[in-house]
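Novice:
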Amino acid sequence: MSRLIIVSNRLPVSVEKYDGRLHYSRSVGGLATGLACLDEADQLWVGWPGVARDEISDAEAVDIQQHLSSENYHGVHMAADDVRDFYHGFCNATVWPLFHYFPQYCQYDPVLWESYRRVNELFCEQVLRVAGPDDRIWIHDYHLMLLPRMLREALPESSMGFFLHIPFPSFEMIRLLPWRMEILRGIMGADLIGFHEYDYVRHFFSSAQRIAGCEHSLNTLMVDDRPVRVDAFPMGIDFERFASAADCAEVREEIAGLRAQTGDRKLMISIDRLDYTKGILNRLEAFDQFLRVYPDFRGKVSLVILVVPSRVQVSWYNDLRVQIEQLVGRINGEYGTIGWTPINYMFRSLDFTRLTALYHAADVALITPLRDGMNLVAKEYVATRAQT
């Protein structure tokens with residue numbers, strides 16, 4: 009029987025080691041959320057469990073693999089140096105800023121590129137260990153853009169898809185990358201390439217033609233005499249889960265508590281990962297301008313801003329957190345009164361109950377990224393409001 013093998017940088021389960029023990033938790037993020045509704049019976053998920061190999065013993069590595077296997081997961085173990093140079097380095101200090109049109113943040117370092125190539129080879133080795141000849145392979149996101157071609161060379165007849173969860177930039181951006189040809193040829197190892205929006209499809213076709221010399225017609229590229237389909241597949245959410253959340257007594261209790269705290273004031277919410285692409289500083293400056301231009305709304309509206317910690321090991325992200333907290337403090341100090349705080353700021357994640365209660369209680373959701381692949385917060389907010 010054929011299986012669906014999902015391959016991504018991180019698994020839906022995360023492993024941490026502290027207090028001398030291994031701790032398992034569910035991962036958060038758009039990929040885990042978007043694929044949560046898939047039937048797990050006939051699938052295997054391959055990815056990194058979140059702890060570096062040189063931070064655990066051989067016995068702990070066996071324990072992790074046994075735990076993962078019980079949930080149809082297969083772990084790919086990376087050394088701490090590769091976590092640094094691959095994930096924090098090439099992925100998030102080169103690809104992420106470039107693909108989101110922030111080239112000023114990019115690092116073009118051959119050492120980081122070599123780590124990226126090496127980790128993609130490591131993933132290739134692990135997929136080949138578990139993949140059967142009839143299995144379908146579905147590779148996800150910018151961490152593994154070399155993997156489709158690597159697997160194609162080893163499994164020329166396999167059925168393979170690749171989906172990019174972030175924007176694919178215009179030719180003017182991608183041409184800044186010294187390894188643009190390798191990236192493009194890597195992605196084109198798949199049979200089906202998916203993006204969230206047609207703009208990204210158009211950019212990919214342009215770069216494939218201008219950089220790799222591949223012609224396209226009717227959403228199909230010809231790569232080494234092999235047709236490759238490219239199309240837009242916007243990711244959705246589990247609509248029923250969010251739409252029916254208020255049926256839960258705990259959620260209703262949380263909603264009532266929030267409304268009791270806000271009283272007659274209008275409640276605005278802002279929910280994002282910590283990232284310069286999300287426009288959090290711009291949003292705060294806009295709220296500052298709103299209170300300055302329309303003083304009658306002071307005391308009548310509150311903004312709850314939830315920033316989910318992300319990539320705190322990267323200096324730019326820590327700097328952004330400091331800037332956000334300084335701006336929140338300035339706005340609260342300038343406009344706040346004894347009985348009213350303009351902005352309620354939280355730097356943490358919320359569980360499903362508290363998150364959906366916040367969606368229900370809010371009158372306005374401010375979701376204003378500067379660049380985004382597909383913002384699922386907007387869809388979640390709308391889904392919770394389906395009954396209102």
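Residue 173 in the numbering used here sits at position 165 of the sequence shown, and the numbers go up by one each step.
Heads up, the beta-carbon is just placed ideally off N, CA and C, and yes, glycines get one too.
Of all the options S225, I279, Q112 and R193, which has the alpha carbon lying nearest to the alpha carbon of Y389?
Specialist: Translated into the one-based positions of the sequence shown, residue 389 becomes position 381. Measuring from the Cα of Y389, the nearest candidate turns out to be I279.
Novice: Counting only the same chain and skipping the five closest in sequence on each side, list residues whose C-beta sits under 7 Å from that of R260.
Specialist: Numbered from 1 along the sequence shown, position 252 holds the residue referred to as residue 260. Excluding sequence neighbours, R260 sits near A254.
Novice: Is the beta carbon of A101 closer than 8 Å to that of D62?
Specialist: Counting from one through the sequence shown, the residue named residue 62 turns up at place 54. Counting from one through the sequence shown, the residue named residue 101 turns up at place 93. In this structure, A101 does not lie closer than 8 Å to D62 by Cβ.
Novice: Could you say which of A264, L106, H108 and C99 lies nearest to V119 if we only look at CA atoms?
Specialist: Numbered from its first residue, the sequence shown carries residue 119 at position 111. For V119, the nearest C-alpha among the options comes from C99.
Novice: Look at F171 and S214 and say whether their C-beta atoms are less than 8 Å apart.
Specialist: Locating residue 171 in the sequence shown gives position 163, where the first residue counts as 1. Locating residue 214 in the sequence shown gives position 206, where the first residue counts as 1. No. Outside cutoff.
Novice: For I288, count the other beta carbons within 10 Å of its own beta carbon; 16 or more makes it buried, fewer makes it exposed. Which is it?
Specialist: By one-based count along the sequence shown, residue 288 stands at place 280. By the neighbour-count rule (16 or more Cβ atoms within 10 Å), I288 is buried.
Novice: Between L76, L184 and R34, which lies nearest to L106 when the distance is taken from Cα to Cα?
Specialist: The count along the sequence shown starts at 1 and reaches residue 106 at position 98. Residue L184 is the option with its Cα nearest to L106.
Novice: Look up T228 in the DSSP assignment and give the residues it is bridged to.
Specialist: Residue mapping note: residue 228 aligns to position 220 of the sequence shown, counting from 1. Paired residues: S225 and R237.
Novice: Cα separation between T285 and L229?
Specialist: Along the sequence shown, one-based indexing puts residue 285 at 277. Along the sequence shown, one-based indexing puts residue 229 at 221. Those two C-alpha atoms are separated by around 30 Å.
Novice: Assuming A264 and A394 are in contact, meaning their beta carbons sit under 8 Å apart, how far apart are those beta carbons, in whole angstroms?
Specialist: Translated into positions along the sequence shown, residue 264 becomes position 256. Translated into positions along the sequence shown, residue 394 becomes position 386. Rounded, the Cβ-Cβ distance is 20 Å, inconsistent with contact.
Novice: Thinking just about the alpha-carbon of each residue, which of V322, D149 and V301 is nearest to the one in M382?
Specialist: Here residue 382 refers to the residue found at position 374 of the sequence shown. Out of V322, D149 and V301, D149 has the C-alpha closest to the C-alpha of M382.
Novice: Short of 6 Å in beta carbon distance, which residues of its chain neighbour H151, apart from the five on each side in sequence? Order them along the chain.
Specialist: As a working mapping, residue 151 is identified with position 143 in the sequence shown. These residues qualify, in order along the chain: N17 and C99.
Novice: Would you say H75 and Y32 are within 8 Å of each other, going by their C-beta atoms?
Specialist: Translated into the one-based positions of the sequence shown, residue 75 becomes position 67. Translated into the one-based positions of the sequence shown, residue 32 becomes position 24. Contact flag set, yes.
Novice: W104 lies in the alpha helix (DSSP H); which residues open and close that run?
Specialist: Position 96 of the sequence shown holds residue 104. Per DSSP, W104 belongs to the alpha helix (DSSP H) from W104 to F107.
Novice: Is the separation between the beta-carbon of E24 and that of G58 shorter than 8 Å?
Specialist: Within the sequence shown, the letter at position 16 stands for residue 24. Within the sequence shown, the letter at position 50 stands for residue 58. The answer is yes: Cβ separation under 8 Å.
Novice: To the nearest angstrom, report how far apart E258 and T361 are at their CA atoms.
Specialist: Stepping through the sequence shown from its first residue, residue 258 is reached at position 250. Stepping through the sequence shown from its first residue, residue 361 is reached at position 353. Taking the straight line from one Cα to the other gives about 7 Å.
Novice: So S225 packs on D199, CB below 8 Å; how close in whole Å?
Specialist: The residue you call residue 225 lines up with position 217 of the sequence shown. The residue you call residue 199 lines up with position 191 of the sequence shown. Not confirmed; about 16 Å, so no contact.
Novice: Name the two residues that bound the continuous beta strand (DSSP E) containing N352.
Specialist: One-based indexing of the sequence shown puts residue 352 at position 344. Start and end: I351 to F355.
Novice: Can you tell which of E223, F131, M153 and V316 has the C-alpha that lies nearest to the C-alpha of I332?
Specialist: For the purposes of this step, residue 332 is identified with residue 324 of the sequence shown, where counting begins at 1. Considering only alpha carbons, the answer is V316.
Novice: Which value, in whole angstroms, describes the spacing of the CA atoms of R34 and A294?
Specialist: As a working note, residue 34 is residue 26 in the sequence shown. As a working note, residue 294 is residue 286 in the sequence shown. Approximately 34 Å, taken between the alpha carbons.
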